[in-house]
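**Student:**
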Amino acid sequence: MKSTTTKEAKAKSISYAKWGYIFILPFFLVYAVFTFYPQILTIYYSFFKYFRDGLTWIGPEFIGFDNYKALLTPTAEGTIDILKYFGNTVIMWVMGAVPQFVIALALAVFFTSTRLNIKGQSIMKTVIYMPNLIMASAFSMLFFTLFSTVGPINSLFVSMGIIDKAFDFFFCTISMRTLVALLNFLMWFGNTTILLMAGIQSIDESLFESARLDGASGLRVFFNITMPLLKPIFIYTFITSMIGGLQMFDVPNILSNRTGQPNRTSETMVMYLNNYLGVSKNFGMAGAISVVLFILTAVLSVIVFKTIDRDKD
Amino acid sequence: MNSKNKAAAVKLLILRIFVYAVIIFLCALCLFFFIMLFVNSSRTNSQLQRGFTLIPGGHFFYNLNNAVHDSSINIPRGMLNSLIVAGLSSALTTYFSALTAYGIYVYNFKLKKLAYTFIIAVMMIPSQVSAAGFVKIALELDLDNKLWVLIIPSIAAPAVFFYMHQYLKATMPLEIVEAARIDGSGEFATFNRIVLPIMKPAIAVQMIFSFVASWNNYFLPAILLTKPGKKTVPVMIAQLRSADYSKFDMGKVYMFILLAILPVIVVYFILSKSIIKGVTSGSVKG
Amino acid sequence: MASVSLKDVVKIYPQTEKDKKSRKKTNLEVRDKGVVAVQEFNIDIKDKEFIVLVGPSGCGKSTTLRMIAGLEEITSGELYIDGELMNAVAPKDRDIAMVFQSYALYPHMTVYENMAYSLKIKKVPKDEIDRKVKEAAEILDITKYLQRKPKALSGGQRQRVAIGRAIVRNPKVLLMDEPLSNLDAKLRNQMRAELLKLQNRIQTTIVYVTHDQVEAMTLGDRIVVMKDGYIQQIGTPQEVFNHQANTFVAGFIGTPQMNFFEGRLLREGNNYSVQYGNYVVNLSAEKSARLAANNVETMDVTFGIRPEQMVLANEGIDATVEVSEMMGTQSHLHATCSGKDVVVIVPNAGEDSDYSGKSIKLEFSGSVVHVFSKEDGRNLEK
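Just so you know, the sequences run in chain order U, S and L. Once you know that position 259 of the first sequence is 255 in my numbering, the rest is easy, because the numbers rise by one and skip nothing. Once you know that position 88 of the second sequence is 96 in my numbering, the rest is easy, because the numbers rise by one and skip nothing. Once you know that position 188 of the third sequence is 567 in my numbering, the rest is easy, because the numbers rise by one and skip nothing.
#1: Please state the DSSP three-state secondary structure of Leu149 of chain S.
#2: Classify His173 of chain S as buried or exposed, calling it buried when 16 or more other Cβ atoms lie within 10 Å of its own Cβ.
#3: Let me check one thing: in DSSP terms, what residues is Met705 of chain L bridge-paired to?
#4: Below 9 Å on C-beta distance, what does Asn116 of chain S contact in chain U?
#5: Tell me which same chain residues have a C-beta within less than 8 Å of the C-beta of Val292 of chain S, skipping the five on either side of it?
#6: Any chance the CB of Leu203 of chain U is under 8 Å from a heavy atom of the ligand PLP?
#7: If contact is defined by three or more beta carbon pairs under 8 Å, each pair taking one atom from either stretch, is the region 183 to 200 of chain U in contact with the region 286 to 298 of chain U?
#8: Give me the Cβ distance between Ile447 of chain L and Leu458 of chain L, rounded to the nearest whole Å; I'm assuming they're in contact under 8 Å.
#9: Please confirm whether Phe762 of chain L and Phe682 of chain L have their CB atoms less than 9 Å apart.
#10: Can you grab the Cα-Cα spacing for the pair Ile87 of chain U / Asn200 of chain S, in whole Å?
#11: Any idea what DSSP makes of Ser744 of chain L, helix, strand or coil?
#12: Assuming Val433 of chain L is part of the alpha helix (DSSP H), what are its boundary residues?
#13: Between the alpha carbons of Val27 of chain S and Leu21 of chain S, how many angstroms are there, rounded?
#14: Which runs of the alpha helix (DSSP H) fall wholly inside the region 536 to 612 of chain L and span at least 4 residues, in chain order?
#15: Could you give the C-beta distance for Cys438 of chain L and Asp591 of chain L, rounded to a whole number, given that I count them as a contact under 8 Å?
#16: Would you mind sorting Arg544 of chain L into buried or exposed? The rule is 16 or more other CB atoms within 10 Å of its CB.
#17: Which parts of the region 474 to 510 of chain L are runs of the alpha helix (DSSP H), unbroken and 4 residues or longer, counting only runs that do not cross its ends?
#18: What are the partner residues of Ile54 of chain U, as DSSP defines its beta bridges?
#19: Note down, in chain order, all residues in the region 64 to 83 of chain S with a beta-carbon under 7 Å from any beta-carbon belonging to chain U.
#20: Looking at chain S, which residues of the region 493 to 513 of chain L have a Cβ within less than 8 Å of any of its Cβ atoms?
#21: Pull up the distance between the alpha-carbon of Tyr175 of chain S and that of Met238 of chain U, whole angstroms please.
#22: Mind the definition here: the region 273 to 288 of chain S touches the region 140 to 150 of chain U only if three or more C-beta pairs lie below 8 Å; say whether that holds.
#23: According to DSSP, is Val722 of chain L helix, strand or coil?
#24: Do you know whose CA, among L:Leu444, L:Leu407, L:Val690 and L:Asn657, lies nearest Pro393 of chain L's CA?
#25: Going by DSSP, what residues sit across from Ala178 of chain S in a beta bridge?
#26: What span of residues does the alpha helix (DSSP H) with Phe153 of chain U cover, start to end?
#27: Would you kindly report the start and end of the unbroken alpha helix (DSSP H) that includes Gly195 of chain U?
#28: Taking the straight line between their C-alpha atoms, what separation do you get for Asp520 of chain L and Arg601 of chain L?
#29: By the DSSP assignment, the alpha helix (DSSP H) with Glu201 of chain U in it spans what residues?
#30: Alpha carbon to alpha carbon, how far is Lys505 of chain L from Tyr496 of chain L?
#31: Please report the distance separating the alpha-carbon of Met193 of chain U from that of Ala17 of chain S.
#32: Count the other C-beta atoms from every protein chain shown that fall within 10 angstroms of the C-beta of Arg580 of chain L, then say buried if there are 16 or more, exposed otherwise.
#33: Whose CA, out of L:Pro616, L:Val552 and L:Tyr482, lies closest to the CA of Leu562 of chain L?
#34: Identify which residue in L:Lys530, L:Glu451 and L:Thr443 has its Cα closest to the Cα of Lys386 of chain L.
#35: According to DSSP, is Ala390 of chain L helix, strand or coil?
#36: Give the residues from the region 190 to 224 of chain S that approach chain L closer than 7 Å (Cβ to any Cβ), ordered along the chain.
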């Protein structure tokens, strides 16, 4: 008996650690091949001259920081493209995000107020969340057809006498940006409302009650109780929206038919990246833009994690 | 006393009317564009040129027939491609995210903490920033116009992993796993036969979200899928925009858009309750 | 069905830097390798024996059980089931079954499927599974719930299913980890009696973990009292109750808790007595003989007397009653005696049984005094 048993004891252990590695292996393998390696490659080629000219490939040829320098070199018109597109992205994000957060916050407070006791909430939430799931490119195409010079909105406005001939929404900087912002607003305010509602609902109900009994008015309760306690979730939602805004692509790309019209005032950072990746396959310049995007996202992400961490304590 | 009560009641009533008005306006705004889409997809091109109306034109199936048989945009093919990509992606995403989350939640191993921290750290990085390298590899290996290149990467989805991990932490006592071990169940069998059924609600929610995300995905497919037979729906929609739309049958265009978004809308209205619940449960609950 | 032996079994949990900072309030020993949850554990559990591991939380009882189950690795030492070394054998190959504190029923399976799962894995023929599940269900009186899911059952029913799942396989050893602690008091008493009946029926070795000394006393053939990873005493309920190894066991076993007094042990030849203030009680011949055998000299000691073994008298230790708890036929008097709390159980004598605020004198006989070393708390008779 003894000889067999001691052999067995040496042979293996009942530690399950290896199963942990086996279970997470596919994830990390796929991540390494399809995300991590491409990421490294992206950064690598940002230091190379490497693109397609017609059917011939130019490069790869190491050029140091030349791509980055090119990014920051003013064009013939005297603008630095990447700054212009970053500005466009920020402006259009702000135009959508400000109403998005103001209205979402108001709706979240209304929906959770026991005094107002809003009926039909589940239908309302269903309706306002719906645009979030709609294909952004199809939604944009719908906007394009509806707002085009021969579209129904123009004909409605003309028949109502608001304007006397069709207005081209897509060739005016203000209306173009407004439409992009409106679409983004429509797609995201329902989502934000639901997140903020959950945030308010996670606040201990008795805090509101005791504040009311202490004589605080509705606005006072909002500023003294709701907002401070909602802050971590609000910031989290806000920054993730910023990260999303930085990736703005589908809507302006479809609305402007890839041109960023008029005069590239609706061109975003990712559209810029897409232009280099599309036909010319300029991995050098695309890489440099990606690195800039990566750094901007990383900075915002760090802020997100800071807020989550604080939330935990 | 009575008048004070009355004044307060009137004030509350006015506030409520205002709030309802705001909400109903926003709901109407959300619905307006889709109602326009429905209406216009049932009108012929000549009807459409007569201008704005909210009365359906009665030519829904005429437009449907035209759209389905269009010579340049093969929308049935596109929908099939999208269905393949989105269906397989969502299945892989949820299964492997659950597997990874389970591996990190249940087992103790040296790199556990590191693995977890890594996934959380890269969670916010958008796929666009590694797209250049991805496209480069795809071209080099002749993988453009292959649907599976868009499917396989979904095995590693950090955000879905995070959701699954949170779900496991909240609902899965480790004793269940131990009970299964003592019952003689192997580690994979325990995951597939005990844990997956327990995670069903989380898997359902994430499956819907990842299906929708994949169905709507435009950036990378637009770069990689250039052959007509390989295009997915969003790529075809973009193609519609770049065509000279003034020559287009607008009834057909509206029908294309409707077909692109209808599957998601139908699923949404069937499952809206659990989808909306899923929006919040995956977010910040450190 | 099987014997279980543990030889010098030790469990050490590796300690991270973070643990070192956070884990301040533990009495567990810390070695180079980490925190010692179980110190050299030795026991031979006989076939069909009902062994109860009892102790306060963090004493290592559950860890010991989980090492027997194979859910935790044994750091060092050896575990034998039926004479075979089991250290590296996976739980599924140990032929053991376990009942968990939370029951750990599979929520998506019916009661029947829960009970059949282990047999199904073993590829037992379907009709045999059916027979065995129904037989176990019959024993536990859960036949009518077989098609329900765990969610639709009460706590007591779930508990029966958990036991059913364990016994359906005829395991060599049945392990139970605080199985009754999630039940309310009434159900717990009822299930305790049923567990005894069950053991008679299924005739298997049972290792049972609890923090409740009443459960330990009523269920166990032998009890293992543990604290801070160390075995304090192994013995029958009688032995543990009457001949405690030390003050910890004495205080842990029995409710209300044993009263302790700081007094003096006096030796005159082979006769011993204890002295508290001016009160002196001669120890029984039996006790004296044991103390003499250990050659215990006159010294300061801690001595203990159980509350039910002290009586009110005209002579004895002075105490003042603070609260009197009426418990039906008897009352528990909570008194102070030179600043220390003392509990005495007295029979209720008619109307006049409110002692609150009164001064009393407490007497006890020389056969009920337990004498412990003042330094390390060990029983001087042992």
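Ideal Cβ positions, reconstructed from N, Cα and C, are used throughout, including at glycine. The model shown is predicted, which means the values in this text are computed figures rather than measured ones.
**Tutor:** Taking the definition as stated:
#1: Working through the second sequence from its first residue, we reach residue 149 of chain S at position 141. Assigned with DSSP and collapsed to three states, Leu149 of chain S falls in coil, not helix or strand.
#2: On the second sequence, residue 173 of chain S is found 165 positions in, with the first residue counted as 1. So His173 of chain S ends up on the buried side.
#3: Stepping through the third sequence from its first residue, residue 705 of chain L is reached at position 326. Answer by DSSP bridge pairing, in chain order: L:Ser710.
#4: The count along the second sequence starts at 1 and reaches residue 116 of chain S at position 108. Result: Ser11, Tyr12, Ala13 and Gly16.
#5: Position 284 of the second sequence holds residue 292 of chain S. Caution applies to Val292 of chain S, whose pLDDT of 41 falls short of 50 and renders its modelled position unreliable; the value that the coordinates give is listed next. Cβ neighbours of Val292 of chain S beyond the five flanking positions: none.
#6: By its list of ligands, the structure shown contains no ligand whatsoever, and the ligand PLP lies outside what it can speak to.
#7: Output reads no: the region 183 to 200 of chain U does not touch the region 286 to 298 of chain U.
#8: If you number the third sequence from 1, residue 447 of chain L lands on position 68. If you number the third sequence from 1, residue 458 of chain L lands on position 79. At roughly 6 Å, the Cβ-Cβ gap stays under 8 Å, so Ile447 of chain L and Leu458 of chain L are in contact.
#9: It is not possible to answer for residue 762 of chain L, since the shown part of chain L is limited to 380 through 761.
#10: For the purposes of this step, residue 87 of chain U is taken as the residue at position 91 of the first sequence. For the purposes of this step, residue 200 of chain S is taken as the residue at position 192 of the second sequence. Asn200 of chain S has its alpha-carbon roughly 48 Å from the corresponding atom of Ile87 of chain U.
#11: By 1-based counting over the third sequence, the position of residue 744 of chain L is 365. It is coil, neither helix nor strand.
#12: As a working note, residue 433 of chain L is residue 54 in the third sequence. According to the DSSP assignment, Val433 of chain L belongs to no alpha helix (DSSP H) but to the beta strand (DSSP E) extending over Phe429 to Val433.
#13: Counting from one through the second sequence, the residue named residue 27 of chain S turns up at place 19. Counting from one through the second sequence, the residue named residue 21 of chain S turns up at place 13. Near 10 Å, if we compare the C-alpha coordinates of Leu21 of chain S and Val27 of chain S.
#14: 564 to 581 and 592 to 598, all fully within the region 536 to 612 of chain L.
#15: Your numbering for residue 438 of chain L matches position 59 in the third sequence. Your numbering for residue 591 of chain L matches position 212 in the third sequence. In fact, because the Cβ distance is near 13 Å, the residues do not count as touching under 8 Å.
#16: For the purposes of this step, residue 544 of chain L is taken as the residue at position 165 of the third sequence. It counts as buried.
#17: Assignment of alpha helix (DSSP H) within the region 474 to 510 of chain L, counting only whole runs of 4 or more residues, yields 490 to 500 in chain order.
#18: Here residue 54 of chain U refers to the residue found at position 58 of the first sequence. In DSSP, Ile54 of chain U forms a bridge with U:Phe47.
#19: Among the residues of the region 64 to 83 of chain S, none has a Cβ less than 7 Å away from any Cβ of chain U.
#20: Residues of the region 493 to 513 of chain L with a Cβ closer than 8 Å to any Cβ of chain S, in chain order: Tyr496, Ser497, Ile500 and Lys501.
#21: Here residue 175 of chain S refers to the residue found at position 167 of the second sequence. Here residue 238 of chain U refers to the residue found at position 242 of the first sequence. One C-alpha to the other measures close to 26 Å.
#22: Output reads no: the region 140 to 150 of chain U does not touch the region 273 to 288 of chain S.
#23: Translated into positions along the third sequence, residue 722 of chain L becomes position 343. In the displayed model, Val722 of chain L falls within a strand according to three-state DSSP.
#24: If you number the third sequence from 1, residue 393 of chain L lands on position 14. Cα-wise, what sits closest to Pro393 of chain L is L:Leu407.
#25: In the second sequence, counting from the first residue as 1, residue 178 of chain S sits at position 170. None, per the DSSP bridge assignment.
#26: For the purposes of this step, residue 153 of chain U is taken as the residue at position 157 of the first sequence. Element bounds for Phe153 of chain U: Pro148 to Met156.
#27: By one-based count along the first sequence, residue 195 of chain U stands at place 199. Looking at the DSSP string, the run of the alpha helix (DSSP H) that includes Gly195 of chain U is Thr169 to Gln197.
#28: Taking the third sequence and counting its residues from 1, one reaches residue 520 of chain L at position 141. Taking the third sequence and counting its residues from 1, one reaches residue 601 of chain L at position 222. So the two alpha carbons sit approximately 28 Å from each other.
#29: Residue 201 of chain U sits at position 205 when you count from the first residue of the first sequence. Segment Glu201 to Leu209, the alpha helix (DSSP H) holding Glu201 of chain U.
#30: The residue given as residue 505 of chain L occupies position 126 in the third sequence. The residue given as residue 496 of chain L occupies position 117 in the third sequence. Rounded to whole angstroms, the gap between the alpha carbons of Lys505 of chain L and Tyr496 of chain L is 11 Å.
#31: Start at 1 with the first residue of the first sequence, and residue 193 of chain U comes out as number 197. Start at 1 with the first residue of the second sequence, and residue 17 of chain S comes out as number 9. Met193 of chain U and Ala17 of chain S: Cα-Cα distance of roughly 26 Å.
#32: The sequence position of residue 580 of chain L within the third sequence is 201, counting from 1. Arg580 of chain L comes out exposed.
#33: Against the third sequence, residue 562 of chain L aligns to sequence position 183. Out of L:Pro616, L:Val552 and L:Tyr482, the CA that lies nearest to the CA of Leu562 of chain L is found in L:Tyr482.
#34: Residue mapping note: residue 386 of chain L aligns to position 7 of the third sequence, counting from 1. Residue L:Thr443 is the option with its Cα nearest to Lys386 of chain L.
#35: Numbered from 1 along the third sequence, position 11 holds the residue referred to as residue 390 of chain L. A quick correction: the sequence has Lys, not Ala, at residue 390 of chain L. Three-state DSSP puts Lys390 of chain L in a strand.
#36: Legend: CB atoms of the region 190 to 224 of chain S lying less than 7 Å from CB atoms of chain L belong to residues Ile190, Asp191, Gly192, Ser193, Ile202, Pro205 and Ile206.
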